[in-house]
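Heads up: the sequence lines are chains A and B, in that order. Under our numbering, read the first sequence as residues 1 to 98, first letter to last. Under our numbering, read the second sequence as residues 1001 to 1498, first letter to last. Taking it in order: structure first as structure tokens, then the write-up.
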Amino acid sequence: MTSISRDEVAHLAHLARLDLGAEELDHYASQLDVILQAVARISEVTADDIPAMSHPVPMTNVFREDVVTASLNRADVLSMAPAVEDDRFKVPRILDEE
Amino acid sequence: MTEDLTRQSAAVLAAAIAAKEVSAQEVATAHLERIAAVDGVVHAFLHISSDSAMAQAKRVDEKIAAGTEVGPLAGVPLALKDVLAMHGEPTTAGSRILQGWKPPYDSTVVARLRAADIVILGKTNMDEFAMGSSTEHSAYGPTHNPWDLTRIPGGSGGGSAAALAAFEAPLAIGTDTGGSIRQPAAVTGTVGVKPTYGAVSRYGQIALASSLDQPGPCARSVLDTALLHAAIAGHDPMDSTSLNAAVPDVVAAARRADIRGMRIGVVKELSGDGYQAGVSQRYHEALSILEDLGATIIEVSCPHFEYALGAYYLILPSEASSNLARFDGMRYGLRTGDDGANSVEQVMSLTREQGFGPEVKRRIMLGTYALSSGYYEAYYGQAQKVRTLITSDFNAAFANVDVLVSPTAPTTAFKLGEKLDDPLAMYLNDVATIPVNLAGICAMSLPVGLAPEDQLPVGLQIMAPAMADERLYLAGGALEAALVDRWGHLLIEEVPSL
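Listed below in structure tokens is the structure:
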């Protein structure tokens, strides 16, 4: 397995939406390297014919009756929002300005 | 009742409340006073819900006065891990990003506790988003182990375990993703059970790794743990992974506590080197007690367990990085940098940078890496194969034995700060508890004595197949009764006074 570079950590931080500082990037680069080298040992036993297990209880298509129930109280929900306008969540600009 | 109400078991308190020997309000008051007296040094709680606790206790007293039927734990106080949503009460998961958040709904666990007339005293401290083995990763400062305040109470559910050991509550709820109920129980001399995956609803539990997470009961005795287990388990349509099956009769098993003829497997790979001397000693003593009680001890091999830690630290961060994407500062929780000029993505990045602590960021990045294009098959895909191998090891073992045992943790409680700067050393605490979560089976930790070298509690882990949770209580109940015979009391009675 490859070792992880500072640039890669910066790219991961961007993907994960973490505005890491320069010091944090260095710190995590070395720590992630150590952890990844330790966990990479699993490849010693993972042959091609072993099925992957995503979940302990195999279930598919779990349905329930389609019964109408009350939704969450709007005032309760909006009272916890960082910003609200006209009974809606208010968010920062999503599109770049022209 | 004239004795100290905070020293009683949940079963004794419930019986006294039902018999009107003491009121639920008196019991709640005694525990709130105990918390006020000792939590300054223990820091088991992040939030005390005095008003709602006293209101619930009053309702219970009114029900009993009116002759209304109440549950077997009616009026008994409980400490709730802060990872479970409780309507109108602060719920932070130990994170800065959820500071001040009050959920607009109850988790199913909380709804069942309320329905069982249990009195929730408050929310307990934990490693941020349940990532850790020491509570040192809480954004609100660590919890201290009541056995030695300079030591960790385990994690992530260290607050719940410490609340029990400090006699702040006789019952607590934890959640266990890789050992977060069992390891804190081991290092605090208390009992904790990770039920079979899907036995207790995850609805309203702030998700860490959805295929591993499982809420469960914690208490100071096996019977109290069973009573709480029965109160919270059962099918829930709000959790699509909830088991639609009858809950095993864990209370009857805890009361029967008979292991004559039981085949107990010793996992060779979890009982060799790497354990503190006193942990090994107490573990082997417990094995001979189990044998004296009529069980047969059989050594079994689980050859792939040595790869469990590696698989876990790929699967967990992968699922966590995905689950924690919801904390984006838009609908609830912290929002930082919204100055009108920053874009939504900049605000998200600034919010998450400020709101998450170092261990959470580390695991988010690890998971993002393991799931990223080009590495997915090499890491996450391979880890899922190891999961199959671990499950096969368990299936092969359970073909010949009824339960498996191991020490719960390699050492007794370590010093606060000792492993904080070495993530890998911290991860090694979970080596014996992780296989259970990967396979989705159930396990208990219960105290088996103090390590002679440091006078700190040692835990024994009992593991049983999926949906055979009652076997944990049969074996745990029998061992606990034998140890109480020997000591004259539960181990927790030896905890130093605070």
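Cβ coordinates follow ideal geometry from the N, Cα and C atoms, glycine included.
Exposure of residue i, with buried meaning 16 or more beta-carbon neighbours within 10 Å
i	result
Leu95/A	exposed
Val1041/B	exposed
Gln1183/B	buried
Arg1486/B	exposed
Val62/A	exposed
Gly1192/B	buried
Arg64/A	exposed
Met1/A	The predicted model places Met1/A with a pLDDT of 47, which falls under 50 and marks its position as unreliable; any figure quoted below should be read in that light. Exposed is the call here.
Val68/A	exposed
Ala1143/B	It is Thr, not Ala, that sits at residue 1143/B in the sequence shown. When all chains shown are included, Thr1143/B counts as buried.
Ile1118/B	buried
Asp1148/B	buried
Pro1435/B	buried
Thr60/A	exposed
Leu1491/B	buried
Pro51/A	exposed
Arg88/A	exposed
Ala1015/B	exposed
Ala75/A	exposed
Arg1202/B	buried
Glu1510/B	Look at the range of chain B in this structure, 1001 to 1498, and you will see that residue 1510/B is not part of it.
Opposing strand residues paired with residue i [DSSP bridges]
i	result
Arg88/A	Glu85/A
Asp1148/B	Asn1145/B
Thr1124/B	Phe1045/B and Lys1081/B
Ile1173/B	Leu1080/B and Pro1217/B
Gln1205/B	Leu1084/B
Leu1446/B	Leu1460/B
Ala1186/B	Looking at the DSSP assignment, Ala1186/B forms no beta bridge with any residue, so it has no partner.
Val1191/B	Ala1219/B
Ala1233/B	Val1200/B
Lys1415/B	Arg1151/B
Asp9/A	The question names Asp, but residue 9/A in the sequence shown is Val. Beta-bridge pairing links Val9/A to no other residue.
Val1119/B	Pro1077/B
CA-to-CA distance, residue j to residue i, given in whole angstroms
i	j	result
Asp1339/B	Phe1356/B	20 Å
Ala16/A	Pro1496/B	45 Å
Cys1218/B	Asp86/A	45 Å
Gly1337/B	Arg6/A	25 Å
Arg962/B	Ser1343/B	Residue numbering for chain B in the displayed model covers 1001 to 1498; residue 962/B lies beyond these limits and cannot be assessed.
Ala1030/B	Asp1004/B	8 Å
Ala1378/B	Leu36/A	11 Å
Glu1359/B	Ala1085/B	22 Å
Pro82/A	Tyr1332/B	6 Å
Leu1416/B	Arg1151/B	5 Å
Ser1504/B	Ala1169/B	With chain B running from 1001 to 1498 in the structure shown, residue 1504/B is simply not present.
Glu1306/B	Leu1270/B	9 Å
Glu1062/B	Leu1371/B	54 Å
Leu1483/B	Ala1233/B	28 Å
Gly1141/B	Gly1132/B	13 Å
Beta-carbon contacts of residue i that lie in its chain and below 7 Å, excluding the five residues immediately before and after
i	result
Ile1441/B	Thr1196, Phe1394, Met1463, Ala1464, Pro1465 and Ala1466
Val1251/B	Ala1226, Leu1227 and Ala1230
Glu1453/B	Ala1277 and Gly1278
Own chain residues within Cβ distance below 6 Å of residue i, not counting five before or after
i	result
His1047/B	Pro1090, Gly1122 and Lys1123
Ala1116/B	Gly1071, Leu1073 and Ala1231
Ala1254/B	Val1222, Leu1223, Ala1226, Tyr1473 and Gly1477
Asn1323/B	Ala1207
Ile1315/B	Ala1383
Leu78/A	Val84
Leu1535/B	Outside the shown range of chain B, which is 1001 to 1498, sits residue 1535/B, and nothing can be said about it.
Ser1186/B	Residue identity check: residue 1186/B is Ala in the sequence provided, not Ser. Here the set comprises Thr1408, Ala1409, Ser1445 and Gly1459.
Ala1439/B	Ile1390, Thr1391 and Phe1394
**Complete beta strand (DSSP E) runs within the segment 1250 to 1290 of chain B (minimum length 3 residues, chain order)** = 1263 to 1267
field: Those runs of the beta strand (DSSP E) which lie wholly inside the segment 1015 to 1057 of chain B and span at least 3 residues
entry: 1045 to 1048
Pick out the complete alpha helix (DSSP H) segments inside the segment 1286 to 1359 of chain B, 4 residues or longer, and give them in chain order. 1308 to 1323 and 1344 to 1355
Item checked: Entirely enclosed beta strand (DSSP E) segments - the segment 1372 to 1413 of chain B, minimum 3 residues -> 1403 to 1407
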